[in-house]
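Q: Dropping the structure in here first, questions after.
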Amino acid sequence: IDSSTSTSTSKEQKKLSSNPNYYQQEEDHVNMAHASMVTVDDDDSETAIQVPVKSKTIRNKKTSSSSTKNKQQREIVNENSSRNAMDCQLKMEEYLYPRIYQWVMQKVPIAVNVKVIKNQYHVIFNTGYIDPDIWYNAKYRCNGSNETATVMSATKPGRGNLVIQCPESIQFNETILETVSVVPEGGNKTFYEMKRFVECETHDMKYYSPPNISIGMCTSIAGKGRIREIAHEWVEFHRLIGVDHAWIYINSEWDEGKQPDKPYISWIPYNLNIKAYNFTDRPWTQRSEFFRVTSQVECVLRARRMGVDWVIFTDIDEYLQINGNETSIDDDSGVPPLKKLLQTYYKEEKDAIGGLVVNSIPFGNNLSEEKTPEKELFIDHVYRNKINPTNVKWSRWKQIVNPQNVHNYAIHWLGGGDVLKEIRLDANRVRINHYKEVNKGVGVFQTDKASDLVKDATLTEMYHDQLMVALGKASKTS
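If you want it as structure tokens, here you go:
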């Protein structure tokens with residue numbers, strides 16, 4: 030595809046997209062970049078891209094069946110949507126393995142995913158292992174259009190995520206995004222096949238995007254063993270304080286069935302095998318963080334599409350603690366403390382905020398006093414440095430992001446959007462209790478002596494019993 034054929038190509042694609050048989054056709058062979066690229070046959074695709082309008086009609090179709098039958102049908106639809114979404118992500122992992130390797134060898138951006146916001150395609154690239162400035166200033170084209178795509182933002186060097194927005198002429202409900210091309214100044218053109226990404230996004234809209242979510246959380250995990258149980262505990266705690274939904278990206282083998290099946294948790298396969306790639310140009314790039322930051326951008330863009338008010342980005346050993354009279358759980362309002370806190374930033378204030386910055390306070394065991402450091406829950410580790418939390422150095426902060434103003438995020442930093450104003454919250458009002466390697470003591474990121482510790486059991490006193498019930502480890506009457 031080049032500029033000389035872009036107009037006719039766009040018209041032809043619109044014509045094809047109206048043909049229901051188009052989405053059943055086999056995918057073309059695509060040369061991803063240069064002649065040395067591996068051409069991969071996509072004929073193994075088992076699921077066809079579904080026309081968004083048609084999908085919506087099917088889901089909203091009224092029938093004369095009883096409410097019981099409707100409920101059963103919805104359960105079947107949800108189960109199928111779940112299966113399709115997970116299968117699509119798992120196939121995407123396999124699809125990306127050889128391509129990521131080729132892109133890395135050729136030092137071009139890594140295409141990671143497609144998100145649709147207000148009917149417009151947004152494509153996420155990772156440039157963390159190459160010079161992001163070169164690719165930020167490159168020319169991107171969607172479906173060979175004469176119009177260049179808009180580069181929405183790029184995050185800090187080393188946390189390289191880049192988001193482009195395709196032209197308004199290429200609408201999701203009219204045209205399938207087939208390809209994206211990029212040409213850096215003085216460089217060669219690289220093509221990216223997009224149809225599989227779009228397919229997974231259509232499944233994402235059905236299964237990973239539940240309605241009526243005000244506050245969400247997003248994280249990524251890797252490894253086996255108890256890691257998914259720990260993630261579940263993290264979710265259940267934050268549900269108690271007001272989180273509606275959590276998206277958890279699994280950057281390791283899927284191992285289906287090893288995570289709790291809860292309607293308020295989206296477990297997303299995301300094993301992109303970062304250890305397989307040799308990033309020689311930027312050896313300081315943290316491999317464990319490389320695709321974590323792209324999952325965070327995905328989460329922001331999904332939340333923006335869904336109309337979510339706030340998305341919290343913490344690790345599964347980081348728990349929000351809300352203090353202050355306005356967020357007390359002892360009143361009769363019935364509003365969870367986190368929701369109550371964020372209500373103070375709704376309307377006029379919220380519209381002017383990109384993110385709320387929350388400082389991290391290390392928690393753990395006092396090894397000089399505790400003979401049995403093992404605890405039932407993370408929040409049962411109750412020792413921290415005795416200095417006032419407000420005076421703790423800002424070093425491991427995380428953010429509560431307003432996705433309607435932000436479209437790029439990387440671990441600690443807002444990377445792009447309409448409003449990037451950040452407000453640092455007083456740690457005596459809101460803080461993160463960081464239970465990092467708790468059995469080694471307190472202060473993994475700060476040197477603490479036992480004499481410098483103080484017992485702060487606020488969270489365990491407030492939530493231990495409720496959390497045990499939520500996890501099924503105790504009954505409501507115990």
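According to the working numbering, the sequence shown holds residues 30 to 507 in order.
All C-beta atoms in this analysis are idealised placements derived from N, C-alpha and C, irrespective of residue type, glycine included.
On a predicted model such as this, the values are computed, not experimentally measured, just so you know.
Comparing alpha-carbon positions, which option in Asn148, Cys229, Ile429 lies nearest Glu451?
A: Locating residue 451 in the sequence shown gives position 422, where the first residue counts as 1. Taking only the C-alpha atoms, the option nearest Glu451 is Ile429.
Q: Looking only at C-alpha atoms, which of Lys404, Asp494, Val471 sits nearest to Asn414?
A: By one-based count along the sequence shown, residue 414 stands at place 385. When each option's Cα is compared against that of Asn414, the closest is Val471.
Q: Put Glu214 into one of helix, strand or coil per three-state DSSP.
A: By 1-based counting over the sequence shown, the position of residue 214 is 185. Coil.
Q: Based on Cα-Cα distance, which residue from Thr373, Lys484, Ile408, Val435 lies nearest to Asp494?
A: Residue 494 sits at position 465 when you count from the first residue of the sequence shown. Answer by Cα proximity: Ile408.
Q: Which same chain residues end up closer than 7 angstroms to Gln433 when comparing Cβ atoms and leaving out the 5 residues on each side of it in sequence?
A: Position 404 of the sequence shown holds residue 433. Arg333, listed in sequence order.
Q: Spatial neighbours of Arg257 within its chain, please: CB distance less than 6 angstroms, with the 5 preceding and 5 following residues excluded, ordered by chain position.
A: Numbered from its first residue, the sequence shown carries residue 257 at position 228. Taken in chain order, the residues that qualify are Lys287, Gln288.
Q: When DSSP labels each residue in this structure, what does Tyr126 get in the three-state scheme?
A: As a first step, residue 126 is located in the sequence shown; it is residue number 97 there, counting from the start. The answer is helix: DSSP assigns Tyr126 an H, G or I state.
Q: According to DSSP, is Pro298 helix, strand or coil?
A: Translated into positions along the sequence shown, residue 298 becomes position 269. Strand.
Q: Out of Asp344, Asp290, Glu466, Tyr150, which has the shortest C-alpha to C-alpha gap to Met223?
A: Position 194 of the sequence shown holds residue 223. Cα-wise, what sits closest to Met223 is Tyr150.
Q: Roughly how many angstroms separate the alpha carbons of Ile515 and Phe392, rounded to a whole number?
A: The chain is shown only over 30 to 507; residue 515 falls outside these bounds and no answer can be derived.
Q: Quick one: what does DSSP say Trp263 is sitting in, helix, strand or coil?
A: Translated into the one-based positions of the sequence shown, residue 263 becomes position 234. Looking at Trp263 - three-state DSSP - the assignment turns out to be helix.
Q: If you follow the beta strand (DSSP E) that Tyr438 is in, where does it begin and where does it stop?
A: In the sequence shown, the residue the question calls residue 438 occupies position 409. Unbroken beta strand (DSSP E) run through Tyr438: 435–439.
Q: What did DSSP end up calling Thr177 once you bin it into helix, strand or coil?
A: Here residue 177 refers to the residue found at position 148 of the sequence shown. The answer is coil: DSSP assigns Thr177 none of H, G, I, E or B.
Q: Once DSSP output is grouped into helix, strand and coil, what is the label at Val421?
A: Along the sequence shown, read from residue 1 onward, the residue named residue 421 stands at position 392. Note: Val421 maps to coil in three-state DSSP.
Q: Do you know whose CA, among Pro196, Tyr237, Tyr236, Val180, lies nearest Pro213's CA?
A: As a first step, residue 213 must be located in the sequence shown, where it is residue number 184. Residue Val180 is the option with its Cα nearest to Pro213.
Q: Give me whichever residues DSSP pairs with Cys171 in a beta bridge.
A: To locate residue 171, count along the sequence shown from 1; it is residue 142. Val209.
Q: Out of Thr204, Ile250, Ser295, Glu262, which has the shortest C-alpha to C-alpha gap to Pro239?
A: On the sequence shown, residue 239 is found 210 positions in, with the first residue counted as 1. Out of Thr204, Ile250, Ser295, Glu262, Ser295 has the C-alpha closest to the C-alpha of Pro239.
Q: With a cut-off of 8 angstroms on the beta carbons, I'd call Gln118 and Pro366 a contact; round off their distance for me.
A: One-based indexing of the sequence shown puts residue 118 at position 89. One-based indexing of the sequence shown puts residue 366 at position 337. Actually they are not in contact, since the Cβ atoms of Gln118 and Pro366 sit about 34 angstroms apart, beyond 8 angstroms.
Q: Using CA coordinates, which residue listed in Asn280, Arg460, His267, Val337 is at the minimum distance from Ser243?
A: Walking along the sequence shown from the start, residue 243 turns up at place 214. Here the closest residue by C-alpha is Val337.
Q: Answer with buried or exposed for Val459, where buried requires no fewer than 16 other C-beta atoms within 10 angstroms of its C-beta.
A: Your numbering for residue 459 matches position 430 in the sequence shown. Val459 is buried by the Cβ-count criterion.
Q: Can you tell me the Cα-Cα spacing of Leu191 and Val141, whole angstroms?
A: In the sequence shown, residue 191 corresponds to position 162, counting from 1. In the sequence shown, residue 141 corresponds to position 112, counting from 1. Rounded to the nearest angstrom, the two C-alpha atoms are 10 angstroms apart.
Q: Starting from Lys484, follow its DSSP beta bridges and name the residues at the other end.
A: To locate residue 484, count along the sequence shown from 1; it is residue 455. BP columns for Lys484 point to Tyr412.
Q: Kindly indicate which three-state DSSP category Val322 falls into: helix, strand or coil?
A: Here residue 322 refers to the residue found at position 293 when the sequence shown is read from its first residue. Looking at Val322 - three-state DSSP - the assignment turns out to be helix.
Q: Using beta-carbon positions only, say whether Asn268 and Ala499 come within less than 8 angstroms of one another.
A: Sequence index remark: in the sequence shown, residue 268 carries index 239 (1-based). Sequence index remark: in the sequence shown, residue 499 carries index 470 (1-based). Here residue 268 turns out to be Arg, not Asn, going by the sequence shown. The answer is yes: Cβ separation under 8 angstroms.
Q: Excluding five sequence neighbours on each side, which residues of the same chain lie with their C-beta closer than 8 angstroms to the C-beta of Tyr237?
A: Residue mapping note: residue 237 aligns to position 208 of the sequence shown, counting from 1. These residues qualify, in order along the chain: Ala114, Trp276, Ser295, Ile297, Arg331.
Q: Output the distance between the C-alpha atoms of Gln42 and Thr489, rounded to the nearest integer angstrom.
A: If you number the sequence shown from 1, residue 42 lands on position 13. If you number the sequence shown from 1, residue 489 lands on position 460. Caution is warranted here: a pLDDT of 36 is assigned to Gln42, below 50, making its placement in the model unreliable, and the coordinate value is therefore given only provisionally. Cα to Cα, the separation comes out at about 58 angstroms.
Q: When we look at the beta-carbon of Asn559 and count the other beta-carbons within 10 Å, is it buried (16 or more) or exposed?
A: No answer is possible for residue 559: the residues shown for the chain start at 30 and end at 507.
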